[in-house]
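According to the numbering used here, the sequence shown is numbered sequentially starting from 7. In what follows, a single structure is set out as structure tokens and then discussed.
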Amino acid sequence: HHGSNRNGRYDLLEAYYKSAGVVLGSGTGGSVRLYYRKSDNRRVAVKFFRRDTEQVRRELTLAQTLPAHPHLMQTLGVYRMNKSTRAHALSLPSAELSRVEVAVVEASKAGYRAADVPALVTDYYPDDLFAVIERSEDMSADERDKLFAQLLYAVAHLQRHGLAHRDLKLENACVDETGSLRLIDLG
Numbered sequence: 007h008h009g010s011n012r013n014g015r016y017d018l019l020e021a022y023y024k025s026a027g028v029v030l031g032s033g034t035g036g037s038v039r040l041y042y043r044k045s046d047n048r049r050v051a052v053k054f055f056r057r058d059t060e061q062v063r064r065e066l067t068l069a070q071t072l073p074a075h076p077h078l079m080q081t082l083g084v085y086r087m088n089k090s091t092r093a094h095a096l097s098l099p100s101a102e103l104s105r106v107e108v109a110v111v112e113a114s115k116a117g118y119r120a121a122d123v124p125a126l127v128t129d130y131y132p133d134d135l136f137a138v139i140e141r142s143e144d145m146s147a148d149e150r151d152k153l154f155a156q157l158l159y160a161v162a163h164l165q166r167h168g169l170a171h172r173d174l175k176l177e178n179a180c181v182d183e184t185g186s187l188r189l190i191d192l193g
């Protein structure tokens, strides 16, 4: 299984994935970009973190240990990245990386080396629920009920494991290629 943490080291992201050059989203904590898995050209989402925090460590641990569920995002692995990938992903000039790396030294406390700033790789979901609702003015009551039931099913799964999502919103509920809801951003 690629990406797993062995002896405090993560596999290098660039060894298995290539960038599509598309930003799916960004915020104060980092960015999410579209990548392709080299082995089969499958689209994936890669979440890059600006700095290491307790919340980031919690999100990575949760993504790797929470039992799979049909309505939660599917984690494919946690990887490290080289400096140029990190600079590009975080939209920082290379000169600013040393400043960022100072904050990253904190990562060693969580078992990874300072150079191994993690990137979270998950399945790619083409739409969030906001876009689906906005586009589907004529969504049937059955379709709405199905998506709402799937959301409740995902939240119940989290609660059974003693977790709360803490950021439920339309943008954090995606719809996969089959039309099923997938809850994302579990951090």
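Where a beta carbon is used, it is the ideal one built from N, C-alpha and C, also for glycine.
Among residues of its own chain, excluding the 5 on either side of residue i, which ones have a beta-carbon nearer than 7 Å to its beta-carbon?
{"i": "Gln-156", "result": "His-77, Ser-186, Leu-187"}
{"i": "Gly-35", "result": "Phe-55, Arg-56"}
{"i": "Val-108", "result": "Confidence at Val-108 is low in this model, with a pLDDT of 37, below 50, so the placement of that residue is unreliable and no value is reported for it."}
{"i": "Arg-105", "result": "Residue placement at Arg-105 cannot be trusted, given a pLDDT of 40 that sits under 50; the coordinates are not used to answer."}
{"i": "Lys-175", "result": "none"}
If we call anything under 8 Å between Cβ atoms a contact, is residue i one with residue j?
{"i": "Glu-177", "j": "Asp-134", "result": "yes"}
{"i": "Leu-189", "j": "Thr-128", "result": "no"}
{"i": "Ala-69", "j": "Leu-126", "result": "yes"}
{"i": "Tyr-41", "j": "Val-50", "result": "yes"}
Just to confirm the assignment, what range does the beta strand (DSSP E) spanning residue i have?
{"i": "Tyr-42", "result": "36-43"}
{"i": "Ala-179", "result": "179-181"}
{"i": "Leu-164", "result": "Element bounds for Leu-164: not the beta strand (DSSP E) but the alpha helix (DSSP H), 147-166."}
{"i": "Arg-188", "result": "187-189"}
Determine the closest residue to residue i out of the options, with distance taken between C-alpha atoms.
{"i": "Val-181", "options": "Tyr-85, Ala-21, Phe-136, Leu-19", "result": "Phe-136"}
{"i": "Val-37", "options": "Met-87, Val-52, Ser-25, Lys-44", "result": "The displayed chain sequence assigns Ser, not Val, to residue 37. Minimum Cα distance to Ser-37 is reached at Val-52."}
{"i": "Ala-160", "options": "Glu-143, Glu-149, Leu-72", "result": "Leu-72"}
{"i": "Leu-18", "options": "Val-29, Lys-44, Ala-26", "result": "Lys-44"}
{"i": "Gln-165", "options": "Met-145, Lys-152, Leu-192", "result": "Leu-192"}
{"i": "Arg-63", "options": "Val-84, Ser-32, Ala-147", "result": "Val-84"}
{"i": "Pro-132", "options": "Ala-21, Arg-48, Tyr-22, Tyr-23", "result": "Arg-48"}
Short of 8 Å in beta carbon distance, which residues of its chain neighbour residue i, apart from the five on each side in sequence? Order them along the chain.
{"i": "Lys-115", "result": "Below a pLDDT of 50, predicted positions are generally treated as unreliable, and Lys-115, at 38, falls in that range; the measurement from the model is reported next regardless. Excluding positions up to five away in sequence, the list is empty."}
To which residues does DSSP link residue i through a beta bridge?
{"i": "Ala-137", "result": "BP columns for Ala-137 are empty, so no partner."}
{"i": "Phe-54", "result": "Ser-37, Ala-125"}
{"i": "Gly-83", "result": "Val-127"}
{"i": "Ser-25", "result": "Tyr-41"}
{"i": "Ser-32", "result": "Ser-37"}
{"i": "Val-49", "result": "Strictly speaking, residue 49 in this sequence is Arg, with Val absent from that position. In DSSP, Arg-49 forms a bridge with Tyr-42."}
{"i": "Leu-169", "result": "In the DSSP output, where bridge partners are listed per residue, Leu-169 has none listed."}
Kindly indicate the opening and closing residues of the alpha helix (DSSP H) around residue i.
{"i": "Leu-72", "result": "That residue, Leu-72, is in no alpha helix (DSSP H); it is neither H nor E in DSSP."}
Which residues in the same chain have their Cβ closer than 6 Å to the Cβ of residue i, if we skip the five residues on either side of it in sequence?
{"i": "Met-79", "result": "Thr-128, Arg-188, Ile-190"}
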